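In our numbering, the protein residues as written are 420 to 919. Idealized CB from N, CA, C, for every residue including glycine. It should be emphasised that the depicted structure is a prediction, and the values quoted were computed from it without experimental measurement. To start, the structure itself, in structure tokens.
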């Protein structure tokens with residue numbers, strides 16, 4: 420596959436087995452580009468040896484299966500396939516030549532990326548700030564996030580990268596330590612990636628207003644940028660942080676073990692994998708904040724602070740039985756979050772789906788480790804024999820809580836969930852993860868946007884609405900109401916002028 424790459428969209432030429440060439444456009448993110456489409460000499464020799472070995476095995480199998488009266492067709496080196504292999508081998512590159520191409524590609528793509536960020540800032544962000552009648556500070560922050568911080572970091576990173584590249588001998592360049600020294604700096608991508616869903620949602624709302632469509636198109640033309648919408652340009656940083664591990668993996672593949680940059684490139688590859696995972700995890704955690712707000716709305720008689728003030732992730736939920744000393748056992752639904760346990764009860768009288776009656780909450784930072792009970796031993800605190808049970812002590816209330824799972828497998832799931840919760844809190848503490856007030860504010864804004872009724876999609880001055888039943892069309896007061904029955908067809912579509 421030979422690909423000519425452009426930002427976000429690639430024109431791809433595919434050569435099929437029958438030598439038929441087909442052209443088409445696909446998203447660039449669907450294609451992983453190899454720096455060199457040719458094999459190296461080392462790879463070619465290995466492939467040739469495998470090919471010769473396979474051909475010899477095929478010949479032996481043919482000779483073994485051949486009858487005495489059959490005719491043998493010998494394969495000679497003068498066959499067309501052999502001459503083709505010889506002619507293509509002459510064009511192969513060494514591993515050093517491929518490494519030079521990889522280094523050059525990393526440098527060039529970095530320059531293109533920095534230019535893309537600058538174009539977005541100069542072409543879109545600054546004009547938006549000048550039009551205070553159309554964009555307030557909140558809307559600008561929602562659309563562009565911390566793109567200026569991203570541009571400042573990437574510009575400095577590009578300068579360091581250029582200093583490490585040996586223009587006279589690209590293969591000898593040592594660029595691995597550039598990534599290692601900037602590992603913490605790449606974390607600024609977290610804020611941008613977390614904000615991206617909000618930016619996309621805000622832009623989709625603005626695109627319904629013709630005034631903003633014309634404004635954004637004017638910004639693009641004045642900056643002489645390619646024909647991609649603003650949300651497409653804002654997707655580039657997310658694609659970029661995911662591309663770094665791929666580029667470094669390619670560089671490591673063609674860096675010999677004795678090369679002075681080998682160890683640094685190997686560490687840089689691991690480093691950028693960690694960064695990509697961290698960015699993805701924090702983006703997922705931010706998206707989970709919106710889910711927590713939705714879940715909190717499903718509780719009746721909620722008490723205490725909001726879920727966002729204590730937690731950021733739902734780890735596990737399910738049905739379980741709570742055993743007490745004084746009353747009958749209670750069927751409950753438990754929700755395990757990071758730092759928090761919620762007890763609730765389903766109420767069939769409630770009309771809303773997935774709605775629970777709030778019972779109590781437990782701060783999991785103040786409980787003793789979970790104790791798994793033996794099925795054949797009576798518990799001393801509750802004086803009961805309970806199967807598939809576990810308990811813990813809650814210090815603020817100085818109280819024991821005993822729960823009985825439905826099966827041994829279900830008990831194991833609950834114990835693993837509590838352990839996962841403890842490990843999650845430990846990892847967050849070690850990595851310094853905190854849900855900021857801005858994160859909470861953004862999550863509430865995203866939740867409110869998703870709860871808004873969707874606007875009908877407009878086509879120019881028309882709104883196309885499918886009609887699948889007899890309908891009445893309201894006209895002016897001095898006209899009658901016409902009823903349009905359906906014909907023998909399954910349905911039809913009616914274009915109505917949008918007088919709104």
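Roughly how many angstroms separate the alpha carbons of residue i and residue j, rounded to a whole number?
| i | j | result |
| --- | --- | --- |
| residue 868 | residue 579 | 41 Å |
| residue 732 | residue 606 | 21 Å |
| residue 574 | residue 850 | 26 Å |
| residue 599 | residue 663 | 12 Å |
| residue 761 | residue 630 | 48 Å |
| residue 635 | residue 859 | 29 Å |
| residue 792 | residue 835 | 15 Å |
| residue 581 | residue 637 | 34 Å |
| residue 800 | residue 744 | 9 Å |
| residue 829 | residue 741 | 14 Å |
| residue 852 | residue 785 | 20 Å |
| residue 659 | residue 525 | 11 Å |
| residue 775 | residue 721 | 10 Å |
| residue 736 | residue 846 | 21 Å |
| residue 652 | residue 608 | 15 Å |
| residue 864 | residue 724 | 18 Å |
| residue 694 | residue 661 | 9 Å |
| residue 676 | residue 530 | 28 Å |
| residue 611 | residue 734 | 25 Å |
| residue 540 | residue 650 | 13 Å |
| residue 515 | residue 673 | 7 Å |
| residue 401 | residue 730 | This structure does not reach residue 401, given that the chain is present from 420 up to 919, and the question cannot be answered. |
| residue 780 | residue 759 | 7 Å |
| residue 566 | residue 554 | 17 Å |
| residue 815 | residue 783 | 11 Å |
| residue 617 | residue 796 | 54 Å |
| residue 655 | residue 628 | 25 Å |
| residue 562 | residue 615 | 8 Å |
| residue 717 | residue 833 | 22 Å |
What residue range does the beta strand (DSSP E) around residue i cover?
| i | result |
| --- | --- |
| residue 737 | 733-742 |
Can you tell me whether DSSP reads residue i as helix, strand or coil?
| i | result |
| --- | --- |
| residue 762 | strand |
| residue 726 | helix |
| residue 860 | helix |
| residue 751 | strand |
| residue 780 | strand |
| residue 622 | helix |
| residue 789 | coil |
| residue 805 | coil |
| residue 810 | strand |
| residue 716 | coil |
| residue 628 | coil |
| residue 757 | coil |
| residue 794 | coil |
| residue 546 | helix |
| residue 703 | helix |
| residue 708 | helix |
| residue 879 | For residue 879, the predicted structure reports a pLDDT of 40, less than 50, and the residue's modelled location is therefore unreliable. A value from the coordinates is still provided. Coil, per DSSP. |
Since I believe residue j is in contact with residue i (beta carbons under 8 Å), could you give me their beta-carbon distance rounded to a whole number of angstroms?
| i | j | result |
| --- | --- | --- |
| residue 794 | residue 806 | 5 Å |
| residue 755 | residue 689 | The pair is not a contact, with the Cβ atoms about 32 Å apart (cut-off 8 Å). |
| residue 683 | residue 593 | 7 Å |
| residue 739 | residue 837 | With 8 Å as the limit, residue 739 and residue 837 do not qualify as a contact, their Cβ atoms being about 12 Å apart. |
| residue 542 | residue 623 | Not a contact, Cβ separation roughly 20 Å. |
| residue 680 | residue 595 | 5 Å |
| residue 709 | residue 570 | Not confirmed; about 28 Å, so no contact. |
| residue 613 | residue 705 | 4 Å |
| residue 414 | residue 577 | Outside the shown range of the chain, which is 420 to 919, sits residue 414, and nothing can be said about it. |
For the alpha helix (DSSP H) holding residue i, just list the boundary residues, first then last.
| i | result |
| --- | --- |
| residue 579 | 566-583 |
| residue 516 | 514-539 |
| residue 852 | First-last for residue 852: undefined, no H or E at that position. |
| residue 816 | Segment: none, residue 816 is in no alpha helix (DSSP H) and carries neither H nor E. |
| residue 956 | Since the first and last residues shown for the chain are 420 and 919, residue 956 lies out of range. |
| residue 598 | 595-600 |
| residue 586 | Residue 586 -> no alpha helix (DSSP H), and no H or E assigned at all. |
| residue 825 | Premise fails: residue 825 is in no alpha helix (DSSP H) and is neither H nor E. |
Segments of 4+ residues assigned as alpha helix (DSSP H) that fall wholly inside the stretch 634-690
With a minimum length of 4 residues, the continuous alpha helix (DSSP H) runs that stay inside the stretch 634-690 are 649-672.
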